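Colleague:
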Amino acid sequence: MSGATTLALPDVRRQLRVIAILAGAEAAVIAPLPARQLHTIGYFADALAPVWGLQILDPKLLKRNEGPTSPALQADIDRLVGCGVLLASALRHSEDAEGLWRIEADYALNHDFAAPILAETRRFERYARELDYVREVVFAMAGLGAIGISEASSSDAAYSNQMVDSGDLLDIAPVDSEPNLSVQVATRFGELMAPEVALGDAEKVHLYVRELHNRLAANRD
Amino acid sequence: MTEIPGWPDQSLLATAHAHFGEGADSDLPEWLRFLIGVVRIIDNRRRQATEPEQTPAVFFLAPKGPASLTTSELRSEPLLDNGLSELGGQLWFVGPVPHNGVALTLSEWPSDADLFDRIENELAIGDLPAVLFDPRPDPPQLRHYPAGLGDRDRVEVIATAGQPIDLDRVLEVLDIAHRFHLEKPRSKPESARLWQNGAKHRPKSDAEARIQFILRIALQAAFPATVVREEQPQTSGRLDLEIDEAVPPPGTFIRHALLELKVLRSYTSTGSTVSSSAAAKAIEEGLRQAIAYRDERGTLASALCCFDMRKTHSGESCFEPVTQRAGEQKVALRIWPLYGTVDQFRRATT
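Protein chains in written order, with my numbering: chain A, 1295 to 1515; chain B, 128 to 477.
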């Protein structure tokens, strides 16, 4: 009996994004990734996607004090662990800022399953570009360090928007509106450097994350 | 767009200058990103260290660390590129964008011979791309081993930040790139294939872009402390390749060299004949661009670089109509022949 299920394309793309994040984390020497960091990087991979002309997969999320947590992303992670594509380790319980207990783990790729998925995805130019983009986001965020990654959303232009309170819905892809603030700031780098230098999309992402790093450091001082 | 509230332009510009070029290498091969990243680590360390490094260090492109060592033998070093970590006396294992790394600390730095022996034999990592930082000579040296320390003869001594870059050196890099990557046809990787049909002298329709990318890689590898940019827009057009470097104070750049590239053809990729006057027009246009873009951007040096993919190569005689003007304007002129088949190459060079 076949146990195969057909997933909607957005679900597949979100799961590919999780795999891409963890592949990038290995290359960046920050794997395995704790759940908190995985969710945060997933958030930034979404929020900054328009800088590369890519689609935001999870535009609406609940703003929380402890940082971005996407139920859809966690469901993807759990499904990939169940399939054996991801390996979960260091299982533990933790209490979040709202007093809720959750299971935490560190995640890494099971290469036996993940490598063929990534290889096959790279054959399609459109999805290869998404993999490249996510890899670049991970590389940029690896420069923040573990604590910096966990705290990054507190300095993020879109997530820290004071018009949205903790517990409210944050929309990082409002329809018929300007791009989210994070995209605007990343894009602003390009405007400021022109015409002297035409920045590439990857540069804008890296510079935006470096700016977050500066803000996090200033907040700690 | 105007300044974004809460995100002052001054702060963004300072960040852009301090981290000039980060991410600009996203489309380059991993071994080259690794080299660029290690050079950046060394440069940041030089600026942050209270005392100069005394002991060598070796960096390996191996984000998981060597298979011959357990994780307990390796020490994690996050934020390796912030300049605050002592580098010497350690073997570093990093990824292609080395913000972080893991290190094996050597209790005593061995002799050079023992170091190489230990890396090749005991650790069995002689095939990993590596950069050896040696602070002992004056000035300190960076040695790039693209095929690993096991291939000791294949080594390049790398220019670090702030080293003068002259046009002669740039053109020397192009000479080498031509000899190894352009002169004779290649079948791999696909991006290096320049001929639609080499036997019939038909270049690929995007031969310029392919050559430009190959040269960008060669130049970036030779000058990893700079940023080699392609296709930068200008009011008068779009320049092909430029070698830039950020220097103090913030907002200041040195533009070392600007290269205008032209491919000379006898046929298009589909076999249509290209008129014999097209080459002369391309050369005239290329010289005009090399002068205009250099003057607009304040670049220190510029060159018109032609890649002759015609059925019959002319050598430098094709420059005769523009030689005087190029000399007056101090634009170097170079032409390199490309052969569509190995037989064509052999007939021409024997």
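All residues carry an ideal CB built from backbone N, CA and C; glycine is no exception.
Computed from a predicted structure; not experimentally measured.
The alpha helix (DSSP H) spanning residue 1445 of chain A covers which residue range?
Modeller: In the first sequence, the residue the question calls residue 1445 of chain A occupies position 151. Here the alpha helix (DSSP H) through residue 1445 of chain A covers 1439-1445.
Colleague: Going by DSSP, name the residue or residues bridged to residue 1401 of chain A.
Modeller: Stepping through the first sequence from its first residue, residue 1401 of chain A is reached at position 107. A:1327, A:1382, per the DSSP bridge assignment.
Colleague: Does the separation of the CB atoms of residue 1504 of chain A and residue 1428 of chain A fall below 9 angstroms?
Modeller: Counted from its first residue, the first sequence places residue 1504 of chain A at position 210. Counted from its first residue, the first sequence places residue 1428 of chain A at position 134. No. Outside cutoff.
Colleague: With the cut-off set at 9 angstroms, would you say residue 356 of chain B and residue 1491 of chain A are in Cβ contact?
Modeller: The residue given as residue 356 of chain B occupies position 229 in the second sequence. The residue given as residue 1491 of chain A occupies position 197 in the first sequence. Cβ distance < 9 angstroms, so residue 356 of chain B and residue 1491 of chain A count as in contact.
Colleague: Report yes if the CB atom of residue 1438 of chain A is closer than 9 angstroms to the CB atom of residue 1394 of chain A, and no otherwise.
Modeller: As a working note, residue 1438 of chain A is residue 144 in the first sequence. As a working note, residue 1394 of chain A is residue 100 in the first sequence. Not closer than 9 angstroms, so no.
Colleague: To the nearest angstrom, how far is the alpha carbon of residue 144 of chain B from that of residue 209 of chain B?
Modeller: The residue labelled residue 144 of chain B in the question sits at position 17 within the second sequence. The residue labelled residue 209 of chain B in the question sits at position 82 within the second sequence. Their backbone Cα atoms lie some 16 angstroms apart in a straight line.
Colleague: Assign residue 436 of chain B to one of three DSSP states: helix, strand, or coil.
Modeller: Translated into the one-based positions of the second sequence, residue 436 of chain B becomes position 309. Looking at residue 436 of chain B - three-state DSSP - the assignment turns out to be strand.
Colleague: I'd like to know if the region 1341-1360 of chain A and the region 1464-1471 of chain A are in contact, where contact means that at least 3 CB-CB pairs between them fall below 8 angstroms.
Modeller: As far as the Cβ criterion goes, the region 1341-1360 of chain A touches the region 1464-1471 of chain A, which means the pair count is three or higher.
Colleague: Which chain B residues sit within Cβ distance under 8 angstroms of residue 1508 of chain A?
Modeller: Position 214 of the first sequence, counting from 1, holds the residue named residue 1508 of chain A. Those within 8 angstroms of residue 1508 of chain A in chain B are 138, 142.
Colleague: Between the region 1319-1334 of chain A and the region 1407-1418 of chain A, can you find at least three pairs of beta-carbon atoms closer than 8 angstroms?
Modeller: No: fewer than three Cβ pairs fall under 8 angstroms.
Colleague: Work out the CA separation of residue 276 of chain B and residue 256 of chain B for me, nearest whole Å.
Modeller: Start at 1 with the first residue of the second sequence, and residue 256 of chain B comes out as number 129. Start at 1 with the first residue of the second sequence, and residue 276 of chain B comes out as number 149. Cα to Cα, the separation comes out at about 8 angstroms.
Colleague: Would you tell me roughly how many angstroms separate the C-alpha atoms of residue 270 of chain B and residue 379 of chain B, rounded to the nearest one?
Modeller: As a first step, residue 270 of chain B must be located in the second sequence, where it is residue number 143. As a first step, residue 379 of chain B must be located in the second sequence, where it is residue number 252. Using only the alpha carbons, I get a separation of about 28 angstroms.
Colleague: Is DSSP giving residue 319 of chain B helix, strand or coil here?
Modeller: Locating residue 319 of chain B in the second sequence gives position 192, counting from the first residue. Of the three classes helix, strand and coil, the one that applies to residue 319 of chain B here is helix, per DSSP.
Colleague: Using a Cβ-Cβ cut-off of 6 angstroms (strictly less than) and excluding sequence neighbours within five positions of residue 373 of chain B, which residues of its own chain qualify?
Modeller: Numbered from its first residue, the second sequence carries residue 373 of chain B at position 246. The residues are 144, 147, 380.
Colleague: Distance, Cα to Cα, residue 195 of chain B vs residue 201 of chain B?
Modeller: Indexing the second sequence from 1 puts residue 195 of chain B at position 68. Indexing the second sequence from 1 puts residue 201 of chain B at position 74. Computed Cα separation, rounded: 11 angstroms.
Colleague: Between the region 1312-1336 of chain A and chain B, which residues of the former have CB atoms less than 8 angstroms from a CB of the latter, in chain order?
Modeller: For the region 1312-1336 of chain A, which is checked against every Cβ of chain B, the residues closer than 8 angstroms are 1320, 1321, 1322, 1323, 1324.
Colleague: Have a look at residue 187 of chain B and residue 259 of chain B and give me their C-alpha separation to the nearest angstrom.
Modeller: The sequence position of residue 187 of chain B within the second sequence is 60, counting from 1. The sequence position of residue 259 of chain B within the second sequence is 132, counting from 1. Using only the alpha carbons, I get a separation of about 9 angstroms.
Colleague: Compute the beta-carbon to beta-carbon distance between residue 1441 of chain A and residue 1335 of chain A, rounded to the nearest angstrom, for a pair I have assumed lies under 8 angstroms.
Modeller: If you number the first sequence from 1, residue 1441 of chain A lands on position 147. If you number the first sequence from 1, residue 1335 of chain A lands on position 41. Rounded, the Cβ-Cβ distance is 14 angstroms, inconsistent with contact.
Colleague: Name, going along the chain, the residues of the region 1456-1485 of chain A whose beta-carbon falls closer than 8 angstroms to a beta-carbon of chain B.
Modeller: The residues in question are 1475, 1478, 1479, 1481, 1482, 1483, 1485.
Colleague: Check the C-beta distance from residue 386 of chain B over to residue 430 of chain B and give it rounded, since I have them as a contact under 8 angstroms.
Modeller: As a working note, residue 386 of chain B is residue 259 in the second sequence. As a working note, residue 430 of chain B is residue 303 in the second sequence. With a Cβ gap of about 5 angstroms, residue 386 of chain B and residue 430 of chain B count as contacting.
Colleague: Would you check if the distance between the CB atom of residue 1478 of chain A and the CB atom of residue 436 of chain B is smaller than 9 angstroms?
Modeller: One-based indexing of the first sequence puts residue 1478 of chain A at position 184. One-based indexing of the second sequence puts residue 436 of chain B at position 309. Taking 9 angstroms as the Cβ cut-off, residue 1478 of chain A and residue 436 of chain B do not qualify as a contacting pair.
Colleague: Under 9 angstroms, Cβ to Cβ, is there at least one residue of chain A near residue 293 of chain B?
Modeller: Position 166 of the second sequence, counted from the start, is the residue given in the question as residue 293 of chain B. False, the Cβ-Cβ gap to chain A never drops below 9 angstroms.
Colleague: Quick one: does residue 1347 of chain A have its CB under 9 angstroms from some CB of chain B?
Modeller: As a working note, residue 1347 of chain A is residue 53 in the first sequence. Judged by the 9 angstroms Cβ criterion, residue 1347 of chain A is not in contact with chain B.
Colleague: Which residues in chain B have a C-beta closer than 9 angstroms to the C-beta of residue 1405 of chain A? List them in chain order.
Modeller: Taking the first sequence and counting its residues from 1, the one referred to as residue 1405 of chain A is at position 111. Per Cβ cutoff of 9 angstroms: no residues; residue 1405 of chain A is ~10 angstroms from chain B at best.
Colleague: How many Å lie between residue 434 of chain B and residue 390 of chain B at the Cα?
Modeller: Numbered from its first residue, the second sequence carries residue 434 of chain B at position 307. Numbered from its first residue, the second sequence carries residue 390 of chain B at position 263. If I take the Cα positions, the gap works out to 5 angstroms.
Colleague: Classify residue 387 of chain B as helix, strand or coil using the three-state DSSP reduction.
Modeller: Translated into positions along the second sequence, residue 387 of chain B becomes position 260. Residue state, collapsed to three classes: strand.
Colleague: Is it true that the CB of residue 304 of chain B sits closer than 9 angstroms to the CB of residue 341 of chain B?
Modeller: On the second sequence, residue 341 of chain B is found 214 positions in, with the first residue counted as 1. On the second sequence, residue 304 of chain B is found 177 positions in, with the first residue counted as 1. Yes, the pair counts as a contact, with Cβ atoms nearer than the cut-off.
Colleague: Using 10 angstroms around the beta-carbon of residue 354 of chain B, count the other beta-carbons present and answer buried if the total reaches 16, otherwise exposed.
Modeller: Stepping through the second sequence from its first residue, residue 354 of chain B is reached at position 227. Under this definition residue 354 of chain B is a buried residue.
Colleague: Taking only beta-carbon positions, decide if residue 1500 of chain A is within less than 9 angstroms of chain B.
Modeller: Residue 1500 of chain A sits at position 206 when you count from the first residue of the first sequence. So, interface residue.
Colleague: Considering only the alpha carbon of each residue, which of B:421, B:462, B:432, B:427 lies closest to residue 441 of chain B?
Modeller: Here residue 441 of chain B corresponds to residue number 314 of the second sequence, with the count starting at 1. Residue B:462 is the option with its Cα nearest to residue 441 of chain B.
Colleague: Could you tell me the boundaries of the beta strand (DSSP E) in which residue 464 of chain B lies?
Modeller: On the second sequence, position 337 is the one that residue 464 of chain B refers to. Unbroken beta strand (DSSP E) run through residue 464 of chain B: 458-464.
Colleague: Using Cβ-Cβ distances below 7 angstroms, what residues of the region 219-250 of chain B are close to chain A?
Modeller: Residues passing the 7 angstroms Cβ filter: 221, 222, 223, 224, 226, 227, 228, 229.
Colleague: Rounded to the nearest angstrom, what separates residue 294 of chain B and residue 459 of chain B at their Cα positions?
Modeller: Against the second sequence, residue 294 of chain B aligns to sequence position 167. Against the second sequence, residue 459 of chain B aligns to sequence position 332. The alpha-carbon atoms of residue 294 of chain B and residue 459 of chain B are separated by roughly 8 angstroms.
Colleague: Any idea what DSSP makes of residue 292 of chain B, helix, strand or coil?
Modeller: Numbered from its first residue, the second sequence carries residue 292 of chain B at position 165. Coil, per DSSP.
Colleague: Can you list the residues of chain A that residue 359 of chain B reaches, using a CB-CB cut of under 8 angstroms?
Modeller: Working through the second sequence from its first residue, we reach residue 359 of chain B at position 232. Within chain A, the residues near residue 359 of chain B are 1491, 1492.
Colleague: Starting from residue 229 of chain B and walking both ways along the beta strand (DSSP E), at which residues does that stretch end?
Modeller: Taking the first residue of the second sequence as 1, we reach residue 229 of chain B at position 102. From DSSP, the beta strand (DSSP E) with residue 229 of chain B extends over 228-232.
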